[in-house]
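Let me begin by presenting the structure, written as structure tokens, before commenting on it.
Numbering (the working numbering), first residue to last: 31 to 185.
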């Protein structure tokens with residue numbers, strides 16, 4: 031299974047009070063971070079499924095820091111919503127952030143609202159292993175030109 035796009039530390043850093051409230055155990059009132067770990071794994075899988083409409087698994091494993099940062103934000107908002115809904119603690123703000131994240135991901139997957147960027151430059155290999163296709167770039171390889179105006183002048 032691939033690494034989640036965000037961690038519980040990312041969630042705590044972005045929404046410290048909301049995160050602790052949402053994942054608090056009903057009896058002890060202590061934060062139960064296992065809830066967020068499970069939600070983050072689930073939304074990371076959901077994000078990958080949405081993006082595989084446009085990108086290959088190899089491309090999603092080769093995302094650069096900027097794209098990973100954007101996906102981290104989406105994963106946090108989606109995980110917050112999942113945890114909130116599971117324990118009937120959802121608010122309109124959390125739902126709105128979830129809807130925005132999903133809409134943007136679907137836009138990226140359809141090519142209408144931006145695209146992701148990668149570490150490799152489209153050289154036909156990912157992580158040093160050659161691939162059968164290019165990562166979204168046209169690669170043109172042709173033999174040396176044989177006929178030109180100069181060589182065909184007397185023809």
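For each residue, glycine too, the CB sits at the ideal point set by N, CA and C.
Remember, it's a predicted structure, so these values are computed and weren't measured experimentally.
Buried versus exposed, by CB contacts within 10 Å (16 or more), residue i
| i | result |
| --- | --- |
| residue 34 | buried |
| residue 146 | buried |
| residue 51 | exposed |
| residue 104 | buried |
| residue 32 | exposed |
| residue 40 | buried |
| residue 188 | Shown here, the chain extends from 31 to 185; a query on residue 188 therefore has no answer. |
| residue 77 | buried |
| residue 180 | exposed |
| residue 113 | buried |
| residue 172 | exposed |
Counterpart residues of residue i in DSSP-defined beta bridges
| i | result |
| --- | --- |
| residue 148 | 93 |
| residue 69 | Answer is none; residue 69 lacks a bridge partner. |
| residue 61 | 54 |
Any chain C beta carbon closer than 8 angstroms to residue i
| i | result |
| --- | --- |
| residue 47 | Absent from the structure is chain C; it holds one protein chain and no more. |
Close-in-space but distant-in-sequence residues of the same chain around residue i (CB under 6 angstroms, 5 per side omitted)
| i | result |
| --- | --- |
| residue 127 | 107 |
| residue 73 | 105, 108, 109 |
| residue 158 | Unreliable placement is indicated for residue 158, whose pLDDT of 49 sits below 50; the coordinate value is still reported in the next sentence. Counting only Cβ-Cβ distances below 6 angstroms, and skipping sequence neighbours, we find nothing. |
Neighbourhood of residue i by C-beta distance below 8 angstroms, restricted to the same chain and skipping five residues each side
| i | result |
| --- | --- |
| residue 138 | 81, 84, 144, 145, 146 |
| residue 111 | 120, 124, 125, 127, 128 |
| residue 96 | 147 |
Distance cut-off 7 angstroms: residue i Cβ against heavy atoms of the ligand SAM
| i | result |
| --- | --- |
| residue 104 | Because no ligand of any kind appears in the structure shown, any question about the ligand SAM cannot be addressed here. |
Contact set for residue i: own chain, Cβ-Cβ below 7 angstroms, skip 5 residues either direction
| i | result |
| --- | --- |
| residue 44 | 106 |
Worksheet item: Does the pairing of the segment 78-93 with the segment 107-127 give three or more beta-carbon distances under 8 angstroms?
Response: Judged by Cβ distances under 8 angstroms, the segment 78-93 makes no contact with the segment 107-127, as fewer than three pairs qualify.
Item to complete: Check whether the segment 52-69 touches the segment 89-100, taking contact to mean three or more Cβ pairs, one atom from each stretch, closer than 8 angstroms.
Response: Under the three-pair Cβ rule at 8 angstroms, the segment 52-69 does not count as touching the segment 89-100.
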